[in-house]
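Reviewing the structure listed below.
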Amino acid sequence: MRLFWLVLLFSYQGHALAHSWPGFAKQQSCLELYPDYQQLVDDIRQQTPWYKLDHWLAPWLLPEQQFETTQQQLDCAQLEYQSDNFLVQAWGLQPKTSQTKKWPVIIYNRGGNSALGRLDFVSVLRQLSPLAQQGFIVLASQYRGSVPQDQQTYGKDQFGGADVNDIHQLIELAKKLPAADADNIFLYGISRGGMMSYLTARQRDDIRAMAITGAPTDLITELPRLPEMEIIFRSLIPNYDQNKQQELQQRSVLYWAEELPESLPILLIYGGEDQRVHPDNSKRLAAKLTELHRPVKLIEFADADHLLTDYKEQERQAMLHWFRQHQHSSQKPVAAP
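Numbers 72 to 408, taken from the numbering used here, label the letters of the sequence shown in order.
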């Protein structure tokens, strides 16, 4: 009898999940991935060599309270969706509620390239779950090429080329979610994800506001500062050696900032001690947007690094305030029940 109820429970969860994320090719509940916190800790330890400090400190480094809150308050899923002829992996979170309610949507664009910077479940707990808890649906693409050992199925990262389509497709899927407020779609980009956000917004008129942290805005001036990046550019950007200047400008918003939607509010956040993306990137774009009379706000954390490691909560609150300030309609997002 006990087995019967367990089977019934998981069948119901799978059925409910299928309705939570319509349009996605594959979906698996985070509850199925990690039924309990100890399994998450054990999994991290299996993936981390025993001689590394993270192996032994896993229970202290992983946010147990956030794990419990995510499982109790949010529908969380690992997703796959079609983009062009490829499968693209993603994560999705939305508040659980018994009410018929529409939630604004944050499209989170990660940093990194190919498999580097992929969002795992710990990243979801730390970066995405706190956003969904504040009354947002959160979707985060891994981009094509995040499974480099299977490019036929999952494609190849182009670092701001055809992979921008992956964000466009995710936005269209987001609009079809039953609980999504399609009039309130926001972009939140970190590092390379900021570049992806600019490229996406350039081609759309349905983004309500953007928040960007530590993103390159001029790859041509950045390259001499970090010449090792040319190895990545050459391996990912199609026709890089033949059209270097053109391809870098195409990925650099400073060269076409006037093509962004005129009314799009943009929040720029950066660390004054950023060693990966020079602070001038954010400053120059803010100056350019101001010159164009565009709605822009610039926030500096003077002693912060590239990822704002010691200022994550301040960054999050600034971003959420920006989105709430520019949300369309009188219904403001509240903390998820």
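Where a beta carbon is used, it is the ideal one built from N, C-alpha and C, also for glycine.
ask   = How is the alpha helix (DSSP H) around ILE291 delimited, first residue to last?
value = Looking at the DSSP string, the run of the alpha helix (DSSP H) that includes ILE291 is 290–293.
message = With distance defined between alpha-carbon atoms, name the residue in ILE291, LEU145 and PHE207 nearest to LEU258.
response = When the alpha-carbon of LEU258 is set against those of ILE291, LEU145 and PHE207, the nearest one is in PHE207.
query = Counting along the chain, where does the beta strand (DSSP E) carrying LYS368 start and finish?
reply = If you look at LYS368, you'll find it in the beta strand (DSSP E) that goes 367–372.
query = Since THR284 is in the beta strand (DSSP E), which residue starts that stretch and which ends it?
reply = Taken as a continuous stretch (DSSP letters only), the beta strand (DSSP E) holding THR284 covers 280–284.
request  = Determine the burial state of THR271: buried for a count of at least 16 other Cβ atoms within 10 Å of its Cβ, exposed for fewer.
outcome  = Label assigned to THR271: buried.
request  = Would you check if the stretch 366–383 and the stretch 328–344 touch, i.e. whether three or more CB-CB distances between them fall below 8 angstroms?
outcome  = Yes: the two stretches touch, three or more of their Cβ pairs being nearer than 8 angstroms.
message = For ASP381, count the other beta carbons within 10 Å of its own beta carbon; 16 or more makes it buried, fewer makes it exposed. Which is it?
response = ASP381 is exposed by the Cβ-count criterion.
task = Express the C-alpha separation of GLN240 and PHE157 in angstroms, rounding to a whole number.
result = Spanning the two alpha carbons is a distance of roughly 12 angstroms.
key: Residue closest to GLN99, alpha-carbon to alpha-carbon, out of PHE192, ALA357, LEU202 and PRO249   = That would be PHE192, whose Cα lies nearest to the Cα of GLN99.
query = Skipping 5 residues on each side, what residues in its chain have a beta carbon closer than 7 angstroms to that of ARG279?
reply = These residues qualify, in order along the chain: ASN255, ILE256, PHE257, HIS397, GLN398 and HIS399.
key: CA-to-CA distance, TYR122 to THR168, given in whole angstroms   = Taken atom to atom, the span from the alpha-carbon of THR168 to that of TYR122 is near 44 angstroms.
message = Under 8 angstroms, with one C-beta from each stretch per pair, do the stretch 194–205 and the stretch 162–180 reach the 3-pair mark?
response = Taking 8 angstroms as the limit for Cβ pairs, the verdict is that the stretch 162–180 does touch the stretch 194–205.
message = I'd like to confirm the pairing. Which residues does DSSP put opposite PRO420 in its beta bridges?
response = Examination of residue 420 is not possible in this model, given that the chain is present from 72 through 408 alone.
Short Cβ contact (8 angstroms threshold) for LEU338 with LYS368 = Taking 8 angstroms as the Cβ cut-off, LEU338 and LYS368 qualify as a contacting pair.
ask   = Assuming LEU363 contacts ALA328 under a Cβ cut-off of 8 angstroms, what Cβ separation, rounded to an integer in Å, is found between them?
value = Under the criterion of beta carbons closer than 8 angstroms, LEU363 and ALA328 qualify as touching, at roughly 6 angstroms.
ask   = Does the Cβ-Cβ distance between GLN160 and ALA96 come in under 8 angstroms?
value = By the CB criterion at 8 angstroms, GLN160 and ALA96 fall outside the cutoff.
key: Residues of its chain near GLY94, where Cβ-Cβ distance is below 6 angstroms and the 5 sequence neighbours each way are ignored   = So the list reads LEU244 and LYS247, once near-sequence residues are dropped.
key: Contact under 8 angstroms by Cβ, TRP127 with ALA250   = Taking C-beta atoms as the reference points, TRP127 and ALA250 fail to come closer than 8 angstroms.
message = Do MET266 and GLY231 count as a contact pair if the criterion is CB distance below 8 angstroms?
response = The answer is yes: Cβ separation under 8 angstroms.
message = On a Cα-Cα basis, can you pick out the residue from GLU293, GLU384, CYS101 and GLU318 that is closest to ASP351?
response = Of the candidates GLU293, GLU384, CYS101 and GLU318, the one whose C-alpha sits nearest the C-alpha of ASP351 is GLU293.
query = What do you reckon, are the CB atoms on LEU190 and PRO134 nearer than 8 angstroms?
reply = No, these two residues do not count as a Cβ contact at 8 angstroms.
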